[in-house]
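Engineer: Basically my numbering = 1-based index in the sequence shown + 57. Handing you this structure, nothing more for now.
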Amino acid sequence: MKKEQNQTPKRVNPYMGFLWSILVLLLLNGLIFPKIAEKQIISTDYGSFIEKVDSGKVKDVAIKSNQIYFTAEENGKTIAYQTGEINDPQLVNRLLNAQSPNPDKRIAFNQIVPRENSPILDFLLMWILPGLVFYLLWRQAGKSIQARMNASGGNFMSFGNSGAKIYAESDIKTTFADVAGQDEAKETLKEIVDFLHNPTKYTTIGATLPKGALLVGPPGTGKTLIARAVAGEAKVPFFAISGSEFVQMFVGMGAAKVRDLFKQATEKAPCIIFIDEIDAIGKRRDTGIGGNDEREQTLNQLLTEMDGFDGRKGVVILAATNRPETLDKALLRPGRFDRRIQMELPDLEGRKAILNVHLKKVKHENIDMDIVARATAGSSGAELANIVNEAALRAVRMGRNLVTTSDLEESVETVIAGAQKKNKILSTKEKETVAYHEIGHALVAAMQTNSAPVHKITIIPRTSGALGYTMQVESNEQSLLSKEDLFNRIVTYTGGRSAEEVMFGSFTTGASNDIEQATKLARAMVTRYGMSDKYDMMELETVNNAYLGNDSSLVCSNETAADIDKEVLGIIKKAHEKAKSIISANKEIMHKAASFLIEKETITGDEFMKIVHENNK
Ligand code: ADP
Ligand code: MG
Ligand code: ZN
């Protein structure tokens with residue numbers, strides 16, 4: 058995967074401070090008792106001390122508080138000793154008696170009186186000195202961390218004068234070539250790149266470029282990627298921060314950080330400021346009671362800064378979000394994020410292009426791009442990147458050094474349905490049920506006009522819990538779906554259960570996912586697409602979040618809501634009946650295809666269609 062995109066400031070670990078102060082204390086101890094620290098001192102008893110004195114080995118003696126330190130010459134070496142002082146009135150006499158007439162060999166002895174430091178000196182030693190040493194070490198540590206970051210992470214420039222820091226990357230390698238498809242977005246952004254390259258071209262005529270552009274689209278469509286590509290193409294510093302970082306990392310100083318950010322960006326102009334996931338700070342201010350003060354202040358500051366700075370200087374603000382509908386209107390008015398760049402899920406050609414970009418990074422041979430691109434309808438760029446990587450991993454697992462089409466196909470299925478679950482044992486009866494169920498879906502799809510062709514049927518269980526599935530692949534991407542198309546899809550969803558009913562006279566839990574899908578679709582037909590007779594073109598539901606899972610809420614009375622349920626049920630029942638009648642009319646095909654599937658476990662759409670055609674005369 059890609060390298061981390063937002064450079065979060067690194068802080069020195071606070072526990073380091075504690076360690077430093079211990080070190081300082083150790084150093085001070087060394088200063089106060091240099092003698093002790095200097096050499097190794099052997100502890101001995103008072104008796105051997107006296108004995109050494111008497112035998113004339115002792116050279117000098119120092120008595121300090123209740124310890125006696127002395128050195129003795131033994132075997133030509135001077136050894137330092139230490140012993141406890143005993144209240145021995147004879148000690149001085151002994152030492153004097155032991156003096157030899159030779160002045161060189163006299164024992165030098167004295168008592169070290171503990172030095173009484175002046176209170177000021179004490180204060181300096183105990184408080185100021187450690188503090189000073191601590192501060193110096195601290196600053197040094199900070200500097201060396203900074204230096205290491207500069208050395209390792211490319212060219213980072215730190216900025217800001219408060220606490221935590223944000224870094225601007227100045228040498229981004231990402232270019233538009235790394236972003237496949239998304240041609241409209243690139244077109245718009247190229248103008249910005251051109252402006253950053255050559256601002257005078259625009260300013261001489263008096264034009265100001267938009268200050269900000271908002272990248273909008275579902276997750277994984279390359280918003281963050283394309284923002285980096287703009288910086289890479291323009292070769293300007295890239296200040297990247299995620300919206301949530303403002304409120305999380307700089308608690309209580311989001312607004313100050315925004316001010317800092319713009320100040321530094323103006324100094325580094327031309328440059329790009331990129332605020333990822335801007336919805337974290339840019340949410341509408343009027344929602345809810347007692348909103349989030351911190352966030353609102355940050356947003357207000359952002360609005361003020363965007364108004365305040367000179368658009369001709371060459372600071373361009375890019376922001377990305379997948380929840381544009383939650384953004385404060387003030388952010389979107391002209392002079393702020395007045396350009397809106399839509400990043401959509403890739404179409405067939407787009408998917409091929411994205412697969413190509415990512416396949417460049419892995420070794421591969423004659424990939425049938427068309428099959429893979431068709432099988433991945435609805436996938437985002439990020440998912441496609443993941444599919445290519447999964448395929449490469451699979452190739453390695455299989456002991457090959459090239460990625461093939463089958464690796465890609467298998468990894469598509471892994472991403473859609475989970476990995477194969479080889480050790481899951483199904484009883485013969487269960488296997489039979491699953492086979493008929495899946496063939497039911499496939500047959501109903503095949504018998505209806507305008508359904509997507511069956512691509513593959515399998516009864517190998519998957520880790521997602523699917524015991525088998527039927528994969529349909531659209532032959533050409535449809536943007537508009539008719540009422541009949543949607544109804545036929547619901548019929549196909551009900552085909553599995555219908556097969557169980559018609560062929561076995563009973564049914565299982567195997568249709569739970571089909572039920573969910575069929576209901577969702579039938580409900581959308583009634584509430585969103587105006588496809589029921591009763592409610593005509595009335596809006597019954599609004600979509601809250603177009604890019605994140607389509608969650609929606611009803612906008613109608615409770616009575617209508619209950620009535621909608623009846624409408625939905627009506628559609629599903631009609632579809633179910635149709636599916637059952639298709640299966641009943643083709644029992645022969647059902648038996649043949651199902652036994653073929655049980656034998657093979659996985660069959661292709663072509664193999665299935667052959668059986669259908671042979672028996673459908
Ligand atoms: P977003 O910010 O829109 O959620 P990202 O920009 O983070 O998505 O995309 C995630 C990854 O998906 C990228 O790093 C890239 O590998 C891949 N990707 C997404 N869109 C594209 C694209 N159009 N072309 C090539 N790769 C893409
Ligand atoms: Mg992103
Ligand atoms: Zn099913």
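By construction, the Cβ of each residue, glycine as well, lies at the ideal position given by its N, Cα and C atoms. Quantities reported herein were computed from a predicted structural model and do not represent experimental measurements.
(1) The beta strand (DSSP E) with G587 in it runs from where to where?
(2) Where does G238 land, buried or exposed, given buried means 16+ other C-beta within 10 angstroms?
(3) What does the Cβ neighbour count give for T257, buried or exposed, with the cut at 16 atoms within 10 Å?
(4) Assign P146 to one of two classes, buried (16 or more other C-beta atoms within 10 Å of its C-beta) or exposed (fewer than that).
(5) Does V625 come out as helix, strand or coil in the three-state DSSP assignment?
(6) Just confirm the distance between the C-beta atoms of E495 and G553, as a whole number of angstroms; I'd bet it's less than 8 Å.
(7) Taking 6 Å as the limit, tell me which residues put their C-beta closer than that to any heavy atom of ligand 2, in chain order.
(8) In chain order, what residues place their C-beta within less than 5 Å of a heavy atom belonging to ligand 3?
(9) Check the DSSP bridge columns for A430 and list the partner residues they point to.
(10) Going by alpha carbons, who is nearest to T281 out of P267, I229 and K268?
(11) Have a look at M58 and I185 and give me their C-alpha separation to the nearest angstrom.
(12) Would you grab the beta carbon distance between G435 and L465 for me? Rounded to a whole angstrom, and I think it's under 8 Å.
(13) Quick one: using the 10 Å Cβ neighbour count with 16 as the cut-off for buried, is G662 buried or exposed?
(14) Quick check: is any heavy atom of ligand 1 less than 8 Å from the C-beta of L537?
(15) Rounded C-beta distance between I677 and A225? I'm assuming under 8 Å.
(16) What's the call for Y550, buried or exposed, on a 16-neighbour Cβ count within 10 Å?
(17) Residues in its own chain within less than 8 Å of A509 by CB, not counting five upstream and five downstream?
(18) DSSP three-state call for S521: helix, strand or coil?
(19) Assign L578 to buried or exposed, taking buried as 16 or more other Cβ atoms, counted over all protein chains shown, within 10 Å of its Cβ.
(20) Report the three-state DSSP secondary structure of S175 (helix, strand or coil).
(21) For D228, is the beta carbon positioned less than 8 Å from some heavy atom of ligand 4?
(22) Below 8 Å on the Cβ atoms is my guess for E557 versus T659; work out the distance and round it to an integer in Å.
(23) Please go through the same chain and pick out, in chain order, the residues whose beta-carbon is closer than 8 Å to the beta-carbon of H670, but skip the five residues on each side of it.
(24) So, helix, strand or coil for D295, using DSSP?
(25) Whole angstroms are fine: how far does the CA of S227 sit from the CA of E573?
(26) Which residue marks the beginning of the alpha helix (DSSP H) containing M504, and which one marks its end?
(27) Am I right that G279 and A337 are in contact with their C-beta atoms under 8 Å? What's the rounded C-beta distance?
(28) Given 8 Å as the limit, is there contact between the region 400 to 419 and the region 284 to 291, that is, 3 or more CB pairs closer than that?
(29) Does DSSP classify G113 as helix, strand or coil?
(30) With DSSP as the reference, label A281 as helix, strand or coil.
(31) Compute the Euclidean distance between the alpha carbons of R196 and L384, then round it to the nearest angstrom.
(32) What residue from L182, M363 and F295 has the CA that sits closest to F331's CA?
(33) Closer than 8 Å to a non-hydrogen atom of ligand 1 - does that hold for the CB of Q21?
(34) Let me check one thing: in DSSP terms, what residues is R397 bridge-paired to?
(35) CA-CA distance, V469 and L253?
Structural biologist: Working from what's here:
(1) Here residue 587 is taken as the residue at index 530 of the sequence shown, counted from 1. Taken as a continuous stretch (DSSP letters only), G587 belongs to no beta strand (DSSP E), as it is neither H nor E.
(2) Stepping through the sequence shown from its first residue, residue 238 is reached at position 181. Using a 10 angstroms sphere on the CB of G238, the tally of other CB atoms reaches 16 or more, which defines it as buried.
(3) Counting from one through the sequence shown, the residue named residue 257 turns up at place 200. So T257 counts as exposed.
(4) Taking the sequence shown and counting its residues from 1, one reaches residue 146 at position 89. So P146 counts as exposed.
(5) Position 568 of the sequence shown, counted from the first residue, corresponds to residue 625. Helix at V625.
(6) Counted from its first residue, the sequence shown places residue 495 at position 438. Counted from its first residue, the sequence shown places residue 553 at position 496. Their Cβ separation, rounded to whole angstroms, is 7 Å, which keeps E495 and G553 in contact under 8 Å.
(7) So the residues near ligand 2 by this Cβ test are K280, T281, D333 and A377.
(8) With the cut-off at 5 Å, the residues found are G553 and D571.
(9) Here residue 430 refers to the residue found at position 373 when the sequence shown is read from its first residue. Within the DSSP secondary-structure output, A430 pairs in no beta bridge.
(10) For this step, residue 281 is matched to residue 224 along the sequence shown. That would be I229, whose Cα lies nearest to the Cα of T281.
(11) In the sequence shown, residue 58 corresponds to position 1, counting from 1. In the sequence shown, residue 185 corresponds to position 128, counting from 1. Summary for M58: the model assigns pLDDT 36, below 50, so the residue's position carries little reliability; its value from the coordinates is reported in the next sentence. CA-to-CA, the gap between M58 and I185 works out to about 50 Å.
(12) Numbered from 1 along the sequence shown, position 378 holds the residue referred to as residue 435. Numbered from 1 along the sequence shown, position 408 holds the residue referred to as residue 465. Not a contact, Cβ separation roughly 16 Å.
(13) Position 605 of the sequence shown holds residue 662. Answer is buried; the Cβ neighbour count reaches 16.
(14) In the sequence shown, residue 537 corresponds to position 480, counting from 1. Between ligand 1 and L537, a heavy atom-to-CB distance of less than 8 Å is absent.
(15) Nothing about residue 677 can be reported from this structure: the residues present for the chain run from 58 to 674 only.
(16) Position 493 of the sequence shown, counted from the start, is the residue given in the question as residue 550. Answer is buried; the Cβ neighbour count reaches 16.
(17) By one-based count along the sequence shown, residue 509 stands at place 452. The residues are A502, Q529, V530, E531 and S532.
(18) The count along the sequence shown starts at 1 and reaches residue 521 at position 464. Three-state DSSP puts S521 in coil, outside helix and strand.
(19) In the sequence shown, the residue the question calls residue 578 occupies position 521. The Cβ neighbour count for L578, taken over all protein chains shown within 10 Å, is at least 16; the residue is labelled buried.
(20) As a working note, residue 175 is residue 118 in the sequence shown. Three-state result, S175: coil.
(21) Ligand 4 is not part of the structure shown, which contains ligand 1, ligand 2 and ligand 3 as its ligands.
(22) Counting from one through the sequence shown, the residue named residue 557 turns up at place 500. Counting from one through the sequence shown, the residue named residue 659 turns up at place 602. The Cβ separation is near 20 Å, so there is no contact.
(23) The residue you call residue 670 lines up with position 613 of the sequence shown. Nothing listed; no residue qualifies.
(24) As a first step, residue 295 is located in the sequence shown; it is residue number 238 there, counting from the start. Here the sequence assigns Phe to residue 295, which means Asp is not the residue at that position. If DSSP states are grouped into helix, strand and coil, F295 belongs with the strands.
(25) Sequence index remark: in the sequence shown, residue 573 carries index 516 (1-based). Sequence index remark: in the sequence shown, residue 227 carries index 170 (1-based). Taking the straight line from one Cα to the other gives about 49 Å.
(26) The sequence position of residue 504 within the sequence shown is 447, counting from 1. Counting along the chain, the unbroken alpha helix (DSSP H) around M504 starts and ends at T485 to M504.
(27) The residue you call residue 279 lines up with position 222 of the sequence shown. The residue you call residue 337 lines up with position 280 of the sequence shown. Contact doesn't hold; Cβ gap of about 20 Å is too wide.
(28) The region 400 to 419 makes no contact with the region 284 to 291, as fewer than three CB pairs between them are under 8 Å.
(29) Counting from 1 along the sequence shown, the entry for residue 113 is found at position 56. Residue state, collapsed to three classes: coil.
(30) Translated into the one-based positions of the sequence shown, residue 281 becomes position 224. Correcting the residue identity first, residue 281 is Thr in this sequence and not Ala. DSSP places T281 in helix when its eight states are reduced to three.
(31) Against the sequence shown, residue 196 aligns to sequence position 139. Against the sequence shown, residue 384 aligns to sequence position 327. Those two C-alpha atoms are separated by around 42 Å.
(32) Indexing the sequence shown from 1 puts residue 331 at position 274. Distance from the Cα of F331 is smallest, within the candidate group L182, M363 and F295, for F295.
(33) Nothing in the structure corresponds to residue 21, since the chain is present only between 58 and 674.
(34) Translated into the one-based positions of the sequence shown, residue 397 becomes position 340. Note: R397 sits in a beta bridge opposite L271.
(35) Walking along the sequence shown from the start, residue 469 turns up at place 412. Walking along the sequence shown from the start, residue 253 turns up at place 196. Roughly 40 Å separates the two Cα atoms.
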